[in-house]
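This report concerns only the one structure given below.
In the UniProt record's numbering, the protein residues as written are 1 to 403.
Rendered as structure tokens:
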């Protein structure tokens, strides 16, 4: 059984961030390639149902300002990067939804002979208005959420055709001021192991297994899950790849009741299907999967999700894009409750390139949500006008004191 003891998870996350910056600054900049990519965007919008409510929808105009910077160092055997993002959103008619979110992340990869070592960590401070879209769907109120994520990983090239992959991840999620809202803090840990075999130049066979442990101590619930999958990765062409895997999982849950703790066991299918296609400019990324995901409702959710990102240049200056996502959340044991819901998000956009770095785009967003226990559904329509500026990549030493 996997046991990860983190008595002070937020201090662990902060310490990892400090270590990331010290590590990033410790290399000799004269012999390595450094980069920096600052981006900024401003958006004006109108939303006819800002809370995605089934009754008495509230509409509002608003504005979003976002800043982001990515910095790092790349060599032939390493890749280290730090990212910082801050965005603020203001509403003209629903000021209680105003919020400022932030995210800090660190990513590293090191190649040592046949070994490849990785370490990722991130700290997010955001709002339930957006963080709950893929799981609980409780996006009607503005409550703060903190998430700390840590993931070390390892890859080993056993032979020219065979690779081994192993990783452990841990996340700690906490909510603020949710006494009367059905959300609870939780931790989620995962250990995974995979074997890949390159059968031909185009085809790779993959087998993988994972063990998950979910704990919501405030409501005394705990779940564990084991999954096994087999699949393949196939190079359709020089610009297109498909990856598919399917298998089965079994989960055990401990839930407190008035009569005592009830242990339940259930099983179900899991799968992944991913297709990517690159154009000269733009591309397509399609991902469909079914798995158990952690949630703030004190339980894992059996979630089937689909995500699409599509960008296609119509002319030299005009680009059409489409971002879409959909989720079906169900209880792992099949019982019907407030956790059962369907959600759809569609966002087509038309982008105009004004200069090499400046973009102007007009977009529309449609959101729909329906819970199994309710006859009513919620619909939101929103229109956005955005200006985005992406600085061209330059060596980091021109922008920073890292020398």
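Glycine included, C-beta positions come from ideal geometry on N, C-alpha and C.
Output the boundary residues of the alpha helix (DSSP H) element that contains residue 131. 128-131
Integer-rounded CB distance, given that residue 172 should sit under 8 angstroms from residue 148: 5 angstroms
Residue environment, residue 385, which counts as buried when at least 16 other CB atoms sit within 10 Å: exposed
Can you list, in chain order, the residues of its chain whose CB lies under 6 angstroms from that of residue 165, leaving out five sequence neighbours each side? 155 and 194
Using DSSP with H/G/I as helix, E/B as strand and the rest coil, what is residue 178? coil
Quick check on this structure: which residue in 336, 50 and 65 has the alpha carbon closest to the alpha carbon of residue 58? 50
I'd like to confirm the pairing. Which residues does DSSP put opposite residue 124 in its beta bridges? 103 and 147
Can you tell me whether residue 245 is buried or exposed? The criterion is at least 16 other CB atoms within 10 Å of its CB, across all chains shown. buried
Specify the secondary structure class of residue 199 as computed by DSSP and reduced to three states. coil
Could you pull the DSSP bridge partners for residue 275 from this structure? 242 and 286
Would you call the stretch 183-192 in contact with the stretch 294-307, where contact means no fewer than 3 C-beta pairs closer than 8 angstroms? yes
Between the beta-carbon of residue 378 and the beta-carbon of residue 368, is there less than 9 angstroms? yes
Tell me whether residue 293 sits in a helix, a strand or coil according to DSSP, three-state version. strand
Please confirm whether residue 220 and residue 256 have their CB atoms less than 9 angstroms apart. yes
Taking just the CA atoms, how far does residue 117 sit from residue 366? 41 angstroms
By DSSP's criteria, residue 47 is part of a beta bridge. Which residues make up the other side? 60 and 382
Pick from 76, 68, 131 and 127 that is closest to residue 41, judged by C-alpha positions: 68
How long is the line joining the alpha carbons of residue 108 and residue 151, rounded to whole angstroms? 11 angstroms
Span separating the alpha-carbon of residue 199 from that of residue 205: 7 angstroms
Could you tell me the alpha carbon to alpha carbon distance between residue 381 and residue 87, rounded to whole angstroms? 21 angstroms
Specify, as a first and last residue, the run of the beta strand (DSSP E) that residue 357 falls within. Premise fails: residue 357 is in no beta strand (DSSP E) and is neither H nor E.
Can the beta-carbon of residue 326 be found closer than 9 angstroms to that of residue 309? no
Among 250, 53, 343 and 359, which residue has its Cα nearest to the Cα of residue 319? 359
Helix, strand or coil: how does DSSP classify residue 28 here? The pLDDT assigned to residue 28 is 44, lower than 50, so where the model puts this residue is not dependable, and the model offers no usable value.
Below 6 angstroms CB to CB, which residues in the same chain sit around residue 124 once its five sequence neighbours on both sides are set aside? 103 and 147
Proximity winner among 383, 253, 387 and 371, relative to residue 54 (alpha-carbon distances): 371
Residue 127 versus residue 48 - alpha carbon distance: 20 angstroms
Within 9 angstroms, strictly: CB atoms of residue 90 and residue 98: yes
Minimum C-alpha distance to residue 248 - residue among 226, 122 and 254: 226
Is it the case that the Cβ atoms of residue 93 and residue 61 are separated by a distance below 9 angstroms? yes
Residue 387 versus residue 253: straight-line alpha-carbon distance, rounded: 48 angstroms
Go to residue 313, then tell me how far its beta strand (DSSP E) extends in each direction, as first and last residue. 300-313
Can you give me the Cβ contacts of residue 85 inside the same chain, cut-off strictly under 6 angstroms, excluding the 5 residues immediately before and after it? 68 and 103
Neighbourhood of residue 122 by C-beta, 6 angstroms cutoff - its chain only, sequence neighbours within 5 removed: 105 and 149
Rounded to whole angstroms, what is the Cα-Cα separation between residue 46 and residue 383? 5 angstroms
Taking the beta carbon of residue 214 as the centre, do at least 16 other beta carbons fall within 10 Å, making it buried, or is it exposed? buried
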